[in-house]
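*Asks:*
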Amino acid sequence: MKVVESSLFTHVVSSYSIVNGTVYFFENYYILEMTEGANVTFDNSRDLLELVNKHYGENQQFGIISNRVNSYSSNILDSDKFILHHKNAVGKAVVTYSKNSSINFELESHFCKLNKKEFNSLYEAIHWIEDLLNINRKTAV
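Residue numbers (my numbering): 1 to 141.
(1) Three-state secondary structure (DSSP) at I103?
(2) I'd like to check one pair, S66 with L107: are the Cβ atoms closer than 9 Å?
(3) If you draw a straight line from the C-alpha of S7 to the C-alpha of Y24, how long is it?
(4) Label G37 either buried or exposed according to how many other C-beta atoms from any shown protein chain fall within 10 Å of its C-beta, with 16 as the threshold for buried.
(5) For the beta strand (DSSP E) containing L114, list its first residue and its last residue.
(6) Examine the Cβ distances between the stretch 114-122 and the stretch 41-60 and report whether three or more of them are shorter than 8 Å.
(7) Could you check how far apart the C-beta atoms of K81 and K116 are, in whole angstroms? I think they sit under 8 Å.
(8) Since I believe F111 is in contact with L77 (beta carbons under 8 Å), could you give me their beta-carbon distance rounded to a whole number of angstroms?
(9) Can the beta-carbon of N88 be found less than 9 Å from the beta-carbon of E58?
(10) Where does N39 sit, in a helix, a strand or coil, going by DSSP?
(11) From E124 to D43, what does the alpha carbon distance come to, in whole angstroms?
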């Protein structure tokens, strides 16, 4: 399920088209939806890194949700570079919709040192991120 097709869309603080897809910022986390066939690297993701810094600043903790509604590739050797630029990230939730996407998550898990977990539902991923951030769901999405 894409963010724009869900009830979550009414809670989006801001959204941007980036080189490799679309990023949706919420108060305490962001959701990434990459473009079909994109090849994601650290170098072609600098626009995302700038937006994350602009939105959350240097001190605010936040969560990352990768909503894998499309098939794309990423350079897993760049994982450490991303983590260095996401110092305040408490965790990464990955929502998979296919066996291939799930296999890719398992492979990436060996290279990414960030707390991460796979989900089959965008809402479950959000709840996990909220738990990591100790957010009261009565006031959150």
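Glycine included, C-beta positions come from ideal geometry on N, C-alpha and C.
*Replies:* So, from the data block:
(1) Here residue 103 refers to the residue found at position 103 when the sequence shown is read from its first residue. Helix, per DSSP.
(2) Your numbering for residue 107 matches position 107 in the sequence shown. Your numbering for residue 66 matches position 66 in the sequence shown. No Cβ-Cβ contact shorter than 9 Å links L107 with S66.
(3) Along the sequence shown, read from residue 1 onward, the residue named residue 7 stands at position 7. Along the sequence shown, read from residue 1 onward, the residue named residue 24 stands at position 24. Distance between the alpha carbons of S7 and Y24: 13 Å.
(4) Start at 1 with the first residue of the sequence shown, and residue 37 comes out as number 37. It counts as exposed.
(5) Counting from 1 along the sequence shown, the entry for residue 114 is found at position 114. Where L114 is concerned, there is no enclosing beta strand (DSSP E), given that its DSSP letter is neither H nor E.
(6) No: the two stretches stay apart, fewer than three of their Cβ pairs being nearer than 8 Å.
(7) Within the sequence shown, the letter at position 81 stands for residue 81. Within the sequence shown, the letter at position 116 stands for residue 116. Their Cβ separation, rounded to whole angstroms, is 16 Å, which puts K81 and K116 out of contact at 8 Å.
(8) Residue mapping note: residue 77 aligns to position 77 of the sequence shown, counting from 1. Residue mapping note: residue 111 aligns to position 111 of the sequence shown, counting from 1. Contact holds; Cβ gap of about 7 Å.
(9) What you label residue 88 is simply residue 88 of the sequence shown in a count that begins at 1. What you label residue 58 is simply residue 58 of the sequence shown in a count that begins at 1. A contact, by the Cβ cut-off of 9 Å.
(10) The residue given as residue 39 occupies position 39 in the sequence shown. It is a strand residue.
(11) Residue numbering aside, residue 124 sits at position 124 when the sequence shown is read from its first letter. Residue numbering aside, residue 43 sits at position 43 when the sequence shown is read from its first letter. One C-alpha to the other measures close to 31 Å.
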